[in-house]
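Report on the structure given below.
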Amino acid sequence: MTTTDYATYIAGLPRVLAAAATVFLDEEGRVLLVEPNYRDGWALPGGTIESDEGETPRQAARRETAEEIGLDLEPGRLLAIDWARSPQRPPIAAYLYDGGILDAARLREIRLQEEELLSWKLVERGSLDRYLPAALGLRVRAALQVLDSGTGTVELEDGRPADGLRPAL
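In my numbering, each number is its position in the sequence shown, counted from 1, plus 56.
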């Protein structure tokens, strides 16, 4: 196969988007959410992986956290990977990392990226459904279950376990 043939082959392959986010908790176990200004609903700090520039999911989670909330923190372990489908876009491979517990001093250091975010808040686990779109809510709860149980990374499809088993939420 020539270089031109290979480039044509690559250009014809299906496209997948990729995103990375970080799950931060406070000392009371509440989840840190951010409110984007470009769509309805809340989200975790995170965003698109700049894969064309060689960025990895872990690097994207750190960069997005620094850009969005002003905290340059190394992400912890991978909690969940979700294959998230939508009729409006290609699938997204969404990586969720453990951001650890933010104490009161760290929370005071949060500085929002005003170009993309309106606000942030700490949300009780039982109230996540009021803030997060359905599939993201499932993804976050699955990641929290991994944190609580100490089990390994969970593989999800549209927020649900890929193996068909329902997590104990």
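We put the CB at the ideal spot given by N, CA and C, even for glycine. Because the structure is a prediction, the values reported are computed rather than measured.
Check: Apart from the five residues on each side of it in sequence, which residues of its chain come closer than 7 Å, Cβ to Cβ, to R95?
Finding: None.
Next item on the list: Kindly confirm or deny that the region 137-145 and the region 88-106 touch, where touching means at least three C-beta pairs closer than 8 Å.
Entry: No contact exists between the region 137-145 and the region 88-106.
Checklist line | Straight-line Cα distance separating Y65 from V210 | finding: Cα-Cα distance, rounded: 32 Å.
Note to self: Considering only the alpha carbon of each residue, which of L127, G132, E123 and L88 lies closest to R114?
What the structure shows: Nearest option by C-alpha distance: G132.
Checklist line | Beta carbon of A191 nearer than 8 Å to that of G215 | finding: Contact flag set, yes.
Next item on the list: Give me the Cα-Cα distance between I137 and A67, rounded to the nearest whole angstrom.
Entry: Spanning the two alpha carbons is a distance of roughly 25 Å.
Note to self: What ranges does the beta strand (DSSP E) occupy inside the region 128-194, keeping only unbroken runs of at least 3 residues that lie completely in it?
What the structure shows: Here the runs fully enclosed are 134-142, 145-158 and 173-179.
Checklist line | Helix, strand or coil at D96 [DSSP, three-state] | finding: Assigned with DSSP and collapsed to three states, D96 falls in coil, not helix or strand.
Checklist line | Closest by C-alpha distance to E109, when choosing among N93, A74, L163 and D128 | finding: Relative to the Cα of E109, the nearest Cα in the group N93, A74, L163 and D128 belongs to A74.
Next item on the list: Please state if the CB of L173 and the CB of E124 are separated by a distance shorter than 8 Å.
Entry: Cβ atoms of E124 and L173: closer than 8 Å.
Next item on the list: Check P101 in the structure and name its three-state DSSP category.
Entry: It is coil, neither helix nor strand.
Notebook entry, point to check: Could you give the distance in angstroms between the alpha-carbon of N93 and the alpha-carbon of P70?
Noted result: When the Cα atoms are used, N93 and P70 turn out to be separated by approximately 30 Å.
Checklist line | Simplified DSSP assignment, three categories, for T58 | finding: Three-state result, T58: coil.
Check: Thinking C-alpha only, which one of L163, R195, S183 and R167 is nearest Y153?
Finding: Minimum Cα distance to Y153 is reached at R195.
Check: L135 and V202: beta carbons closer than 8 Å?
Finding: Yes, the pair counts as a contact, with Cβ atoms nearer than the cut-off.
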